[in-house]
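All residue numbers for the sequence shown refer to full-length UniProt numbering, where the first residue is 1 and numbers rise by one.
Encoded as structure tokens, the structure appears first; notes follow it.
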Amino acid sequence: MRALRAYLRSPAGVIGAVLLVAVIAAALSADALFPRDPLALAGRPLQWPGANPRLPLGTDNLGRDIAAFLFHGARVSLLIGLVASVVAVGIGVMVGAIAGFYGGWVDDLLMRITEAFQTVPNFILLLVLVAVFGSELSVITIAIGLVGWTAPCRLVRAEFLSLRNREFVLAARGLGMRDLPLILGEVLPNALPPVIVYASVVMAIAILLESALAFLGLSDPNIASWGNMIGAGRAVLRTEWYVSAIPGGAILVTVLAFSLVGQGLNDALNPRMQVL
Numbered sequence: 001m002r003a004l005r006a007y008l009r010s011p012a013g014v015i016g017a018v019l020l021v022a023v024i025a026a027a028l029s030a031d032a033l034f035p036r037d038p039l040a041l042a043g044r045p046l047q048w049p050g051a052n053p054r055l056p057l058g059t060d061n062l063g064r065d066i067a068a069f070l071f072h073g074a075r076v077s078l079l080i081g082l083v084a085s086v087v088a089v090g091i092g093v094m095v096g097a098i099a100g101f102y103g104g105w106v107d108d109l110l111m112r113i114t115e116a117f118q119t120v121p122n123f124i125l126l127l128v129l130v131a132v133f134g135s136e137l138s139v140i141t142i143a144i145g146l147v148g149w150t151a152p153c154r155l156v157r158a159e160f161l162s163l164r165n166r167e168f169v170l171a172a173r174g175l176g177m178r179d180l181p182l183i184l185g186e187v188l189p190n191a192l193p194p195v196i197v198y199a200s201v202v203m204a205i206a207i208l209l210e211s212a213l214a215f216l217g218l219s220d221p222n223i224a225s226w227g228n229m230i231g232a233g234r235a236v237l238r239t240e241w242y243v244s245a246i247p248g249g250a251i252l253v254t255v256l257a258f259s260l261v262g263q264g265l266n267d268a269l270n271p272r273m274q275v276l
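Structure, rendered in structure tokens:
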């Protein structure tokens, strides 16, 4: 309850939560509001928003309903962000916890592997993975998670290095607690708050990476995602700019929502930011 009250005292966090709830509501209501396949032909191509009352946001260059694409795309983009963040944070927590808890040669080895991944820019590594394994939605989502684990790993490692010699850890060792229960039950819960905050950043980055792939024509063309809509509008960007601008605005709002939620979580979970 104290964390919730601290979160509600953060204006940025409250605004972010409202925006995120709106995006989630759009995703959940997509089937009810737009029961037809969003990839199906809905009317004459390139109808501007407001030109057809039946199609309030107009149509893209293939004649698809932009409003239906937008609502169904919210579901896909949120799914990509959620799954990719779980993969990235899961790998980062596992590697960072082992490195920070044991130290020594284990830490050196795992950090050299982490640095090897960091030498290649995330998007370049993502392009390589998509080129090798394909552009299906599941492949793209897991690939985004695989290129984003290094930052959570370093964050968890730093937390474990500062916690492993604290009194409660030494006391648990003295009572004969084994390493795995000690890591999972004592150290990890105290190291999680900054990781939870960073998870919101990973979600936002995942949505942006999928959109960048789609803009280059490398995403799965058989799904209704905001990135695919932006990619489809690339050919008519100079004249019918709304085709790309509308999903681009949705991505902007969603990324902003995750960023503000992360700021609110930081205010709520960081003891130095809490007001006594």
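We put the CB at the ideal spot given by N, CA and C, even for glycine.
8 Å contact criterion, which residue i and residue j should meet: CB distance rounded
i, j, result
"N190", "L163", "6 Å"
"L260", "A30", "Contact flag wrong, Cβ pair sits at about 24 Å."
First and last residue of the uninterrupted alpha helix (DSSP H) at residue i
i, result
"I142", "L137 to V147"
"I66", "I66 to Y102"
"M229", "W226 to G233"
"Q263", "Y242 to L269"
"N122", "N122 to F133"
"S162", "T150 to L163"
"I183", "No alpha helix (DSSP H) holds I183; DSSP gives it neither H nor E."
"residue 288", "Residue 288 falls outside the range modelled here, since the chain spans only 1 to 276, and no answer is possible."
Residues near residue i in its chain [Cβ-Cβ closer than 6 Å; skip 5 each side]
i, result
"A26", "F71 and A74"
"R5", "none"
"Q118", "T150"
"L276", "In this prediction, L276 has a pLDDT of 45, which is less than 50 and means its spatial position is unreliable; nothing more can be read from the coordinates."
"L146", "none"
Cβ pair residue i, residue j closer than 9 Å
i, j, result
"I91", "P152", "yes"
"G231", "L216", "yes"
"Y7", "A250", "no"
"L129", "A116", "no"
"I80", "P247", "no"
Contact set for residue i: own chain, Cβ-Cβ below 7 Å, skip 5 residues either direction
i, result
"T254", "V23, S77 and I207"
"L82", "M203"
"L237", "S244"
"L57", "P49, I66, A67, L70 and I246"
Burial state of residue i (16 or more Cβ within 10 Å)
i, result
"L41", "exposed"
"W226", "buried"
"L170", "exposed"
"A131", "exposed"
"D220", "buried"
"G104", "exposed"
Own chain, CB closer than 8 Å to residue i, minus 5 neighbours either side, in chain order
i, result
"G264", "Y7, S10, A12, G13, V14, G16 and A17"
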